[in-house]
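A.B. asks:
Chains as they are written, first to last, in the working numbering: chain A, 28 to 141; chain B, 637 to 1254.
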C-alpha cells in the first residue's frame, strides 16, 4: 500500500486503516479492562478485609497502603499500553513505507508532520 | 507576613515566566496554540500543574480529616481519569487537529448548532470549576493574611486575569509547569518534615482505634468567630468565655471540670456559663472562646459525623462516602470525567504528535501519583493534632493549620508560608487554565462571528484539509491577530467576573461538591461524545445532541437536588449521579444515532483517517 493511496482514500487504504483502528480499539479495551478491573476490585478488597485495630507496615496503616497501591499500578499499565500502541503505529508505517522503497527521499520529511 | 511574601514570590515568578514567554509568542497562531516544540516532560508537568487544583491541594486532606480514609478514593479517581484519556482519547484527538471540544464536534460531525451546544457545556463546566478555586483563594488569603473574603476573591481574580491576558498558551505552558513544581514542593516538604519531627504517626488509638476525636492532655480553647451549632457525641463540661478572658487559657481549662455550678442538660447559650452537655445534644454556641477540659471528647460542627478511629480508617463500607454505590459512582465520574475537562484537552494540542500525546499522558499519571502520596499525611495528622477544626467545621484548612500545630517555632511559620504559597499556586494555575478555555469559547463560539479570517484565522495552525471551515487570512483587512487578541482579553475579563460573583455568594458551600458537579457533567456529556465519536463510525449529530442533553440534565438535576437538600445530602448518591447519568448518556447517544440517518460515508472516513492514521502516513 502506498502513501498515495492513503492520501486518496482508496478502498484498499481504507481497509488497512480500519484494521489499524480496530487493533487500537481492542488494545485500549484490554488495557481499560485491566485498569477498570483494578479500580472496581479495590473497594471490594477494602470491604472484604476486616477492620483492624492497629495493623501497620513500617508505621503506615494498611488502609492507607491499600489506597496508595493504584498509583504505581496505573503508571505501569499505562507504560505497557504506550509501548504496544507505538508498536502498532510503527507496524502500520512500515507497511506504508514498504511500497515506497523506489521513491527517493525520506518518507518523514518534517513538512509532512501534522 | 511570611506567608504573604511566599505567595507574592510565587505569583511574581509565574507572571515573570508568563511575560518572558510572551515575547516569543507574538506570531498569529502562538497566542492560543503553543508551538509544538514543547516536549512530553514539559507538557506533562504543565498538565499536572493545571490539574492539581484547590480540591487536590486543600480539599483531599480536608475531606480525609472530615469523612475518613474513604475520601482517598477521590484522588485515585482523579489520577485514573488519565488512564481512560490515554487509552481512548489522547492520540486520536491530537491527530484530529481539534483544539477544543467544540472544534472536535465540528471536525467529526460537521454541525454548527451542535458546536454551540458543546460551547455552552464547556462554559458550564468551566464556571463550576472556577468557583471553588476562587473560593479557596479567598479562604487562604483570609487565613494567612486576614484579607476579607470578598477582597481575597477580587485579588485572586485579578491575578488570574493578569496571567492569562499577559501570556498566550505558550507562556502558559511554562507557567503551568513551574506551578506543578511549586505545588509538589509545597505539599511534600512540610509533610516529610512533620512526619520526621513526630517520629511517625502520633496517637494511634485516636487514629485507628476506638476513640472519637479528643482534646489533648492540656485541654483546648477554641475561638469561635461566629455563633456555631455543634453536636456533642459524648457528655462534656464546656464553658464559653469572652475573648478578653482568654489571657489565662490554661487556667480556665483546668477550672472547667471542677466548676460545681454546672447544671446538667442546658447547653451554654450565653458567654460565661459552664454547662455539662449530655451525649447526643446539639447546641448553638455563642461567639467567643470555647473551653474544653483535658481528654474531653470534642463536639463536632453540623454536617460532620464524629467517627471512632476504626470507622474513620475504613476505606469502604457503611453509610455516606464509604458506601459502595457512592464510591463506584465517584470512580465512574472521575475515571470518565477527566477526558471531558476543557482546560486539560487544550493541553494535548501542544504535543508534537499523537504518539507524543500518549507519552505525555503516562508522565502525567506518574507526576499526579507522586503528588497524591502527600495529602493523606495531612489528613492523618490533622485528626489528632488540629481537632478543633471538627468543632468549627473548617476541615478544608487542615493543610494550612497543621504545620504550626507540629512546630511551635519559626519552622512552623515558615512551613505555613510554604503551604500557603502552594495552595495559592493551585488556585491560580487551575483557574487561569480554565479561563483560557472559557474565554476562548466566549470569544470565538458564542459571540457573533467576526469575518472569517479574523474569527478563526490561525487558531489551528494545521487545520484538517477537509475541515468544515478552513479559514483563510485576508492580508488586506485590519490586523486580525490584534483584533482576536483584544476580543480574547475582553472575554477573559467577562469570564472571570461571573464565577467571582458566584464565589462571593457561595461562601458557605462545600468546596468539593461543585468540582463533583463539573466532573459528573463532563463524564455525562463529553465522555460519550469523545468515545463514540472517535471509535464508532455511526455517531450522528442528532444522537450526540440527545445523549449530551440527557446525560447533562440527569447529572445536573441530581446535584441541584443534593444542593437544595443541604448538608444532609452532601454524601448521598444524588450528589454523585454519574453511575446513572453516564450509562444513560451512552445509551441515548447510541440509540438515537442508530435511528438517525447516518452521515455521508466519505465525511466519516476522512475524519476517521485524520484521527487514526499515524502522522508520517500523511
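Heads up, the beta-carbon is just placed ideally off N, CA and C, and yes, glycines get one too. In this text the structure is predicted, and so the values were computed from the model without any measurement.
Give the interface partners of residue 62 of chain A over in chain B, defined as CB-CB distance under 8 angstroms, in chain order.
C.D. replies: Reading the first chain from its first residue, position 35 is the one you call residue 62 of chain A. Neighbours of residue 62 of chain A on chain B, chain order: 716, 719, 720, 723.
A.B. asks: Quick one: is residue 51 of chain A near chain B, going by C-beta distance under 8 angstroms?
C.D. replies: Against the first chain, residue 51 of chain A aligns to sequence position 24. Judged by the 8 angstroms Cβ criterion, residue 51 of chain A is in contact with chain B.
A.B. asks: Rounded to whole angstroms, what's the CA-CA distance from residue 1150 of chain B to residue 103 of chain A? Just pull it up for me.
C.D. replies: Indexing the second chain from 1 puts residue 1150 of chain B at position 514. Indexing the first chain from 1 puts residue 103 of chain A at position 76. In a straight line, the C-alpha of residue 1150 of chain B is about 32 angstroms away from that of residue 103 of chain A.
A.B. asks: Which whole runs of the alpha helix (DSSP H) in the segment 709-743 of chain B are 4 residues long or more, in chain order?
C.D. replies: Complete alpha helix (DSSP H) runs here, min 4: 709-724, 726-732.
A.B. asks: Take residue 1247 of chain B as the anchor and find which of B:719, B:744, B:639, B:934 has the nearest alpha-carbon.
C.D. replies: Your numbering for residue 1247 of chain B matches position 611 in the second chain. It is B:744 whose Cα lies nearest to the Cα of residue 1247 of chain B.
A.B. asks: Suppose the cutoff is 8 angstroms on Cβ atoms and the five residues either side in sequence are ignored; what does the same chain contact list for residue 1033 of chain B look like?
C.D. replies: Here residue 1033 of chain B is taken as the residue at index 397 of the second chain, counted from 1. Excluding sequence neighbours, residue 1033 of chain B sits near 694, 698, 775, 779, 1025.
A.B. asks: Give me the chain B residues within the contact set of residue 48 of chain A, using Cβ-Cβ distance strictly less than 7 angstroms, ordered along the chain.
C.D. replies: Taking the first residue of the first chain as 1, we reach residue 48 of chain A at position 21. Residues of chain B passing the Cβ test: 1244, 1248.
A.B. asks: Between A:106, A:88, A:120, which has its C-alpha nearest residue 995 of chain B's C-alpha?
C.D. replies: Taking the second chain and counting its residues from 1, one reaches residue 995 of chain B at position 359. Of the candidates A:106, A:88, A:120, the one whose C-alpha sits nearest the C-alpha of residue 995 of chain B is A:106.
A.B. asks: Taking one C-beta from the segment 57-74 of chain A and one from the segment 88-100 of chain A each time, how about it: are there three or more such pairs within less than 8 angstroms?
C.D. replies: With the cut-off at 8 angstroms, the segment 57-74 of chain A and the segment 88-100 of chain A touch.
A.B. asks: Pull up the distance between the alpha-carbon of residue 731 of chain B and that of residue 124 of chain A, whole angstroms please.
C.D. replies: Within the second chain, the letter at position 95 stands for residue 731 of chain B. Within the first chain, the letter at position 97 stands for residue 124 of chain A. Computed Cα separation, rounded: 20 angstroms.
A.B. asks: Using beta-carbon positions only, say whether residue 976 of chain B and residue 1185 of chain B come within less than 8 angstroms of one another.
C.D. replies: As a working mapping, residue 976 of chain B is identified with position 340 in the second chain. As a working mapping, residue 1185 of chain B is identified with position 549 in the second chain. No, the Cβ-Cβ distance between residue 976 of chain B and residue 1185 of chain B is not below 8 angstroms.
A.B. asks: Between the C-alpha atoms of residue 894 of chain B and residue 935 of chain B, what's the straight-line distance to the nearest angstrom?
C.D. replies: Indexing the second chain from 1 puts residue 894 of chain B at position 258. Indexing the second chain from 1 puts residue 935 of chain B at position 299. Residue placement at residue 894 of chain B is poorly supported in this model, since its pLDDT is 43, which falls under 50; the coordinates are not used for a value here.
A.B. asks: Can you give me the Cβ contacts of residue 966 of chain B inside the same chain, cut-off strictly under 8 angstroms, excluding the 5 residues immediately before and after it?
C.D. replies: For the purposes of this step, residue 966 of chain B is taken as residue 330 along the second chain, with counting starting at 1. Cβ within range, chain order: 709, 710, 713, 1152, 1212, 1214.
A.B. asks: Between the segment 1000-1023 of chain B and chain A, which residues of the former have a C-beta closer than 7 angstroms to a C-beta of the latter?
C.D. replies: Result list: 1001, 1002, 1005, 1008, 1009, 1012.
A.B. asks: When the Cβ atoms of the segment 919-937 of chain B are set against those of the segment 1172-1182 of chain B, are three or more pairs found closer than 8 angstroms?
C.D. replies: In short, these stretches do not touch, since the Cβ pair count stays below three.
A.B. asks: Spell out a yes or no on whether the segment 678-693 of chain B and the segment 1055-1062 of chain B are touching, meaning 3 or more CB-CB pairs, one atom from each, closer than 8 angstroms.
C.D. replies: Taking 8 angstroms as the limit for Cβ pairs, the verdict is that the segment 1055-1062 of chain B does touch the segment 678-693 of chain B.
A.B. asks: Should residue 105 of chain A be flagged as near chain B, meaning a C-beta pair shorter than 8 angstroms?
C.D. replies: Sequence index remark: in the first chain, residue 105 of chain A carries index 78 (1-based). It does: the Cβ of residue 105 of chain A has a partner Cβ on chain B nearer than 8 angstroms.
A.B. asks: What separation, rounded to the nearest whole angstrom, lies between the Cα atoms of residue 88 of chain A and residue 949 of chain B?
C.D. replies: Locating residue 88 of chain A in the first chain gives position 61, where the first residue counts as 1. Locating residue 949 of chain B in the second chain gives position 313, where the first residue counts as 1. Using only the alpha carbons, I get a separation of about 9 angstroms.
A.B. asks: When the cut-off is 8 angstroms and only beta carbons count, does residue 663 of chain B lie next to chain A?
C.D. replies: Locating residue 663 of chain B in the second chain gives position 27, counting from the first residue. With a pLDDT of 47 at residue 663 of chain B, under the threshold of 50, the predicted position of this residue should be treated as unreliable, and no value is reported.
A.B. asks: Are any of the Cβ atoms in chain A nearer than 8 angstroms to that of residue 996 of chain B?
C.D. replies: Reading the second chain from its first residue, position 360 is the one you call residue 996 of chain B. For residue 996 of chain B, the answer is no, since every Cβ of chain A falls outside 8 angstroms of its Cβ.
A.B. asks: In chain B, what lies closer than 7 angstroms to residue 93 of chain A by C-beta?
C.D. replies: Counting from one through the first chain, the residue named residue 93 of chain A turns up at place 66. Per Cβ cutoff of 7 angstroms: 951.
A.B. asks: With 8 angstroms as the threshold, decide whether the Cβ of residue 42 of chain A is near any Cβ in chain B.
C.D. replies: Sequence index remark: in the first chain, residue 42 of chain A carries index 15 (1-based). No - not a single Cβ of chain B is within 8 angstroms of the one on residue 42 of chain A.
A.B. asks: Let me know the secondary structure DSSP gives residue 780 of chain B once reduced to three states.
C.D. replies: Translated into the one-based positions of the second chain, residue 780 of chain B becomes position 144. If DSSP states are grouped into helix, strand and coil, residue 780 of chain B belongs with the helices.
A.B. asks: In terms of alpha-carbon separation, which member of B:737, B:795, B:822, B:1194 lies closest to residue 639 of chain B?
C.D. replies: Within the second chain, numbered from 1, the residue matching residue 639 of chain B stands at position 3. Minimum Cα distance to residue 639 of chain B is reached at B:822.
A.B. asks: Considering Cα atoms alone, identify which of B:770, B:765, B:737, B:715 is closest to residue 1143 of chain B.
C.D. replies: Position 507 of the second chain, counting from 1, holds the residue named residue 1143 of chain B. For the residues B:770, B:765, B:737, B:715, the minimum Cα distance to residue 1143 of chain B belongs to B:770.
A.B. asks: DSSP on residue 1235 of chain B, reduced to helix/strand/coil?
C.D. replies: For the purposes of this step, residue 1235 of chain B is taken as residue 599 along the second chain, with counting starting at 1. Three-state DSSP puts residue 1235 of chain B in coil, outside helix and strand.
A.B. asks: Between residue 943 of chain B and residue 992 of chain B, what straight-line distance do the alpha-carbon atoms span, to the nearest angstrom?
C.D. replies: Here residue 943 of chain B corresponds to residue number 307 of the second chain, with the count starting at 1. Here residue 992 of chain B corresponds to residue number 356 of the second chain, with the count starting at 1. Roughly 47 angstroms between the two C-alpha positions.
A.B. asks: Can you find a CB in chain B that lies within less than 8 angstroms of the CB of residue 73 of chain A?
C.D. replies: In the first chain, residue 73 of chain A corresponds to position 46, counting from 1. Yes, because at least one Cβ of chain B sits closer than 8 angstroms to the Cβ of residue 73 of chain A.
A.B. asks: Quick one: using the 10 Å Cβ neighbour count with 16 as the cut-off for buried, is residue 667 of chain B buried or exposed?
C.D. replies: Position 31 of the second chain, counting from 1, holds the residue named residue 667 of chain B. Low confidence applies to residue 667 of chain B: its pLDDT is 45, below 50, so where it sits in the model is not reliable, and the reading given next is rough at best. Residue 667 of chain B should be labelled buried.
A.B. asks: Would you tell me roughly how many angstroms separate the C-alpha atoms of residue 721 of chain B and residue 974 of chain B, rounded to the nearest one?
C.D. replies: Residue 721 of chain B sits at position 85 when you count from the first residue of the second chain. Residue 974 of chain B sits at position 338 when you count from the first residue of the second chain. Between residue 721 of chain B and residue 974 of chain B, the C-alpha separation is close to 7 angstroms.
A.B. asks: Excluding the 5 residues preceding and the 5 following residue 1012 of chain B in the sequence, name in chain order all residues of the same chain whose CB lies nearer than 7 angstroms to its CB.
C.D. replies: Here residue 1012 of chain B is taken as the residue at index 376 of the second chain, counted from 1. Here the set comprises 700, 708.
A.B. asks: When you compare each of B:760, B:870, B:651 to residue 799 of chain B by their alpha carbons, which one comes out closest?
C.D. replies: Here residue 799 of chain B refers to the residue found at position 163 of the second chain. Checking every option, the nearest Cα to that of residue 799 of chain B belongs to B:651.
A.B. asks: Flag this pair as yes or no: are the beta carbons of residue 726 of chain B and residue 997 of chain B separated by less than 8 angstroms?
C.D. replies: Counting from one through the second chain, the residue named residue 726 of chain B turns up at place 90. Counting from one through the second chain, the residue named residue 997 of chain B turns up at place 361. Contact flag set, yes.
A.B. asks: Cβ of residue 728 of chain B within 8 angstroms of Cβ of residue 999 of chain B?
C.D. replies: Reading the second chain from its first residue, position 92 is the one you call residue 728 of chain B. Reading the second chain from its first residue, position 363 is the one you call residue 999 of chain B. No, Cβ-Cβ distance for residue 728 of chain B and residue 999 of chain B is not below 8 angstroms.
A.B. asks: State the beta-bridge partners of residue 926 of chain B as determined by DSSP.
C.D. replies: The residue labelled residue 926 of chain B in the question sits at position 290 within the second chain. Paired residue(s): B:858, B:876.
A.B. asks: Please list the residues of the segment 105-119 of chain A that have a C-beta atom closer than 7 angstroms to any C-beta atom in chain B, keeping them in chain order.
C.D. replies: Within the segment 105-119 of chain A, the qualifying residues are 105, 106, 108, 109, 112, 113, 116, 119.
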